[in-house]
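Residue numbers (our numbering): 1 to 385. Glycine included, each C-beta is placed from N, C-alpha and C at the ideal position. Here is the structure we will look at, set down as structure tokens.
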């Protein structure tokens with residue numbers, strides 16, 4: 001009986017233990033379920049695989065985009081080609097790239113062996129360039145000292161009206177005809193005829209030659225290629241539309257170095273220092289009350305010529321408006337027209353002029369077969385300082 005009771009007690013105890021263990025495990029399961037509700041599961045391995053795939057795809061896309069935009073089509077063929085075609089384009093690309101490197105090396109070697117230099121050479125004839133003629137005129141075409149002397153020697157018969165009339169002598173015919181509307185040319189001609197009756201040796205050319213600028217008082221210093229020479233020995237007086245001027249012609253000079261210029265540059269050319277002598281400038285306009293009518297008439301004449309004529313009237317009237325010089329570079333056979341051509345130089349100014357010769361050849365076919373060569377000198381630049 002005792003054994004049976006013990007067995008029963010053991011069975012009861014085991015049942016109790018089993019119930020107790022099952023209750024504990026159920027409690028644990030329920031707690032795990034509650035905790036799992038608050039835990040977020042992150043698929044780390046899956047994200048790593050996606051990341052590796054995106055990197056491969058982005059690199060592939062960037063490479064494909066670069067090759068597609070490249071101007072060397074071989075890269076695109078290599079990238080998209082398969083099998084034999086890819087090997088073919090690899091061979092072509094390597095071949096041309098090798099040829100490019102070879103050509104680049106050849107060019108670099110040639111550049112190093114033959115350095116490049118820029119050089120400007122002035123080529124002149126063996127005997128030098130024939131120097132052109134230069135004509136210089138002073139704006140003071142009539143000296144006041146000569147007018148005063150002439151008036152004293154003629155006992156005052158050389159009047160102011162006669163001086164005005166003589167000032168019109170070297171104007172163009174069109175200007176003289178235009179001047180007849182404002183200036184009494186007939187009265188001036190009558191004064192001139194009366195004057196030459198009393199002084200038969202007087203003439204217009206003689207007047208301007210005597211009243212013009214004196215060479216030794218105008219041309220103070222002359223040099224050619226750095227060598228000083230006598231200005232008045234080679235300066236010839238010539239009458240132009242600006243009165244008496246001085247003309248240099250070195251082609252027939254007795255000194256060899258004056259005939260041609262062998263070297264270029266400022267110091268190898270002609271240099272002249274001239275004196276304008278403003279104090280000895282004749283007054284074509286006076287301020288006295290008795291001459292107001294004549295002054296007004298003469299000013300009206302000048303204004304009338306400047307307005308109604310298309311030509312330059314500054315010629316012999318230039319000393320009214322300005323002082324200084326005007327020079328003109330030309331060939332020996334050309335007659336200068338200083339009132340319409342040339343370069344003006346004011347007192348106290350230094351001027352540098354560069355010239356270039358141009359030879360024009362014309363062929364006239366006739367029985368004699370004559371070839372005419374014309375030399376023209378053009379002033380290419382003038383710099384004042």
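Reference residue i, options the options, closest by Cα
i	options	result
residue 222	209, 248, 199	248
residue 230	193, 161, 255	255
residue 138	214, 86, 145, 102	214
residue 140	246, 325, 267, 210	325
residue 266	354, 134, 327	354
residue 252	233, 239, 264	233
residue 240	109, 167, 108, 250	167
residue 198	158, 227, 107, 101	158
residue 189	206, 205, 169, 208	169
residue 238	208, 126, 99	208
residue 216	242, 187, 246, 204	246
residue 341	242, 356, 352	242
residue 151	110, 352, 202, 108	202
residue 154	130, 195, 187	195
residue 130	206, 250, 187, 156	250
7 angstroms Cβ cutoff met for residue i and residue j
i	j	result
residue 191	residue 161	yes
residue 218	residue 274	yes
residue 146	residue 210	yes
residue 268	residue 225	yes
residue 212	residue 258	no
residue 200	residue 331	no
residue 271	residue 128	no
residue 136	residue 327	yes
residue 280	residue 193	no
residue 347	residue 264	no
residue 90	residue 78	yes
residue 329	residue 134	yes
residue 323	residue 278	yes
Residue i - DSSP class collapsed to helix/strand/coil
i	result
residue 341	coil
residue 330	strand
residue 224	strand
residue 440	Examination of residue 440 is not possible in this model, given that the chain is present from 1 through 385 alone.
residue 188	helix
residue 307	Confidence in residue 307 is poor, its pLDDT being 48 and thus under 50, which makes the residue's placement unreliable; the coordinate value appears in the next sentence. It is helical.
residue 389	Outside the shown range of the chain (1 to 385) lies residue 389, about which nothing can therefore be said.
residue 131	coil
residue 81	coil
residue 202	coil
residue 335	coil
residue 348	coil
residue 88	helix
residue 354	strand
residue 168	coil
residue 104	helix
residue 110	helix
residue 369	Bear in mind that the predicted position of residue 369 carries a pLDDT of just 44, short of 50, making it unreliable; the figure below should be weighed with that in mind. Here residue 369 sits in coil by DSSP.
Any C-beta of chain D under 7 angstroms from that of residue i
i	result
residue 238	No chain D is present in this structure, which holds just one protein chain.
heavy atom of the ligand NAP below 6 angstroms from residue i C-beta
i	result
residue 347	Among the components of this structure there are no ligands whatsoever, and the ligand NAP is therefore not found.
At which residue ranges does the segment 227-283 contain complete beta strand (DSSP E) runs of 3 or more residues, listed in the order of the chain? Those beta strand (DSSP E) runs which fall completely within the segment 227-283 and span 3+ residues are 235-240, 243-248, 270-274.
Taking the runs of the alpha helix (DSSP H) that are 4 residues or longer, which of them lie wholly in the segment 134-166? 144-153
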